[in-house]
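Letter by letter, the sequence shown follows residues 862 to 1377 of the numbering used here.
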Amino acid sequence: MADMSDWFIMKDPVEHRQKALEWRRCKSNAERERFVKVNGVRWSEILRLSYFDLIRFVVIDLMHCLFLGIAKWITKRIWIDEDVLTEKALQSIQKKMSEFKLPSDLGRIPGKIHCGEGFSNFTADQWRNFFLIYATVVLWNHLPNKDRKILTYFVRVCTILVRRIVEINDMKEAHELLVKIIKLIEEHYGEGKITPNLHLSLHLCECSYDYRPLYSFWCFSFERMNGVLGNSNLNSFADRCLIATAKLNLKLMRRLTTETQINDIISSSSEVIGIELLNKRPSVSSLSEFPTNEMYQFLMNSRNILESPITGCEEFPGIFLAPRSEDIRLDEQIYDLLIEYYKDTYVDSIFRKLFTENLPNSMIVINKANRYGRCQIGAEIFGSAAATRHIKSSFVLAKFINRDGNSVDTYPGQIQFFFEHSVHLSSHNLTHKLAYIKWYKLANLTSQFHFSIDDDVETCNVELWEDSFYLSSRDNIIPIHNILSQFISVKYKKSDRSNAKEYLAIIPINRKFHLR
């Protein structure tokens, strides 16, 4: 692997076509088999198309290569077969996994991973969820440092490659990490553990450069429709195809409608930006899985974030959902925070409560709002503590500007409820779409970046935070535009001591929106 640049060279399509023609001219099947063993080339009728480059025009499928291939291989053929993960460890892993509470739109993991060979019959989607959500927390204490590196790098690779919006620099990072993973496997487990899928993974980034993010051509949707056909009780294959097509068309129409709303926002002249953090909190490293450029692409959320914070009355690609309560009175404390929010958002205006001193040019903030339990933004539905059936999707990340005014960090919190509130300003009645969120407390740096490699915080895929909230402040109220993404949380102890402190592990989830 040290001289990778010497051997990792793209094949010549002209030479490949010539070899394929030689295979075609072979006189017998036995001769052809010998030719394939030496050259690794067969003839394909598609090579009759003179413009077709069989080297560059064939893509690597992420689903089969990364999840059914590498994820499965690392877990079963390296960690389990090499006794890194023992039977006792698998039982402990299963026990910890049962503590996770996932939103309903995320798939479930089989309940007995320790049976049989371990992780038996996992689908590609289950392997994806395992590494993106569970793996870091449940495997960390059972792996030596060299395997923690493999785990951390692979989780980061998966996080990048499954995104629906990807930056060039992120793809380069994913490629470099894949190279590191292969080197670690070769160094610690030998060349025999290097598989064709590990080699093919080094071409994934090239495929993305040519054909957009990998999710746009992966096989998950194809395999899902195969499942719909296979589970159909209809006798006629044609009937099964019609039913599957109808279901697919309905799903596509719903998705296209949602994405059109997002694109309308992006193509408009409105600028949707971030909210300023006023509390004097210490700077922290960002938990966000979305860098600045990605947030710029979605709702312009990072353009001029330091100069012009949004108000909450801007357009957004979604709607509020039930449970709904109209014209309610907010708690007095929340009412006070709302007034503070307006004061900080509209710095040139004066706001006051009803029946208080009538200052010149002051605007009255009426204590009346519409409260909601859920909010749909694009293709995602966010829950809240006010909607108990959807509380698992109430945990979100949001960006704030630090006290220095030059850096942006991300905080985890739980949405308590969404609400609409109107205020009369500049001869207009402006309706603001807001969320009331409780923010989790920051842990000390050592604990926060517990899941890092060689004390490098940039390698940390999961962070530990205090399992308690900050006291109520003006920052509890934010525009819904500032919601970055959801996260999964699970309680975690850094040691097995009975009196060990319990933290909250914060596991970010990628956004589901799609931009063309």
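Don't be surprised by glycine CBs; every beta carbon is placed ideally from N, CA and C.
Do the segment 1288-1301 and the segment 1324-1336 touch if we need at least three Cβ pairs shorter than 8 Å?
Enough Cβ pairs lie closer than 8 Å, so yes.
DSSP three-state assignment for Val1257, whether helix, strand or coil:
For Val1257, the secondary structure class from DSSP, reduced to helix, strand or coil, is strand.
Might you give, ordered along the chain, the residues of its own chain that have their beta carbon closer than 7 Å to the beta carbon of Trp940, omitting 5 neighbours on each side?
So the qualifying residues of the chain are Leu946, Asp1008.
Alpha carbon to alpha carbon, how far is Val1318 from Ile1341? Give it in angstroms, no decimals.
Annotation: Ile1341 to Val1318 spans about 29 Å, alpha carbon to alpha carbon.
At what residue ranges does the segment 1165-1216 contain a whole run of the beta strand (DSSP E), taking only runs of 3 or more?
Restricting attention to beta strand (DSSP E) runs no shorter than 3 residues, the segment 1165-1216 encloses them at 1179-1189, 1211-1213, ordered along the chain.
Who pairs with Ser1346 in a beta bridge, going by DSSP?
DSSP output for Ser1346 lists Leu1258 as bridge partner(s).
C-alpha gap between Pro874 and Ser905, whole angstroms
The straight-line gap from Cα to Cα measures roughly 13 Å.
If you draw a straight line from the C-alpha of Ile907 to the C-alpha of Phe913, how long is it?
Rounded to the nearest whole angstrom, the CA to CA distance from Ile907 to Phe913 is 7 Å.
Given this structure, state the Cα-to-Cα distance separating Lys949 from Lys1352, to the nearest angstrom.
When only Cα atoms are considered, Lys949 and Lys1352 end up about 21 Å apart.
What runs of the alpha helix (DSSP H), each 4 residues or longer, lie entirely inside the segment 989-1023?
Counting only runs of 4+ residues, the alpha helix (DSSP H) found wholly inside the segment 989-1023 occupies 996-1000, 1006-1022, in chain order.
For Leu963 and Lys880, I'd like the C-alpha separation in whole angstroms.
Cα to Cα, the separation comes out at about 51 Å.
Residues near Glu1363 by beta carbon distance below 8 Å, same chain, minus five either side
Close CB contacts of Glu1363 within its chain, under the 8 Å cut and outside five residues either way in sequence, are with Asp1328, Lys1352, Tyr1353, Lys1354 (chain order).
Any idea what DSSP makes of Thr1056, helix, strand or coil?
The DSSP-derived three-state label of Thr1056 is coil.
Would you identify the three-state DSSP class for Pro874, choosing helix, strand or coil?
In the structure shown, the three-state DSSP call for Pro874 is helix.
Would you kindly work out how many angstroms separate the C-alpha atoms of Met1161 and Glu1241, rounded to a whole number?
The predicted model places Met1161 with a pLDDT of 47, which falls under 50 and marks its position as unreliable; any figure quoted below should be read in that light. If I take the Cα positions, the gap works out to 18 Å.
Does the segment 987-1004 touch the segment 968-978, meaning 3 or more C-beta pairs lie closer than 8 Å?
With the rule of 3 Cβ pairs closer than 8 Å, the segment 968-978 counts as touching the segment 987-1004.
Are the segment 1236-1252 and the segment 1198-1216 in contact at 8 Å, needing three or more beta carbon pairs?
The segment 1236-1252 makes no contact with the segment 1198-1216: fewer than 3 CB pairs, one atom from each, lie closer than 8 Å.
Taking Val1016 as the reference, give the member of Leu1365, Glu1028, Arg1372, Leu1000 with the closest Cα.
By alpha-carbon distance to Val1016, the top candidate from Leu1365, Glu1028, Arg1372, Leu1000 is Leu1000.
Measure the beta-carbon distance from Gln1275 to Phe1261 and round it to whole angstroms, keeping in mind my assumption that it falls under 8 Å.
The Cβ separation is near 16 Å, so there is no contact.
Residue span of the beta strand (DSSP E) that contains Leu1045, given as start and end:
First-last for Leu1045: 1029-1050, but that is the alpha helix (DSSP H), not the beta strand (DSSP E).
Alpha carbon to alpha carbon, how far is Ser1288 from Gln1347?
Rounded to whole angstroms, Ser1288 to Gln1347 spans 37 Å at the Cα level.
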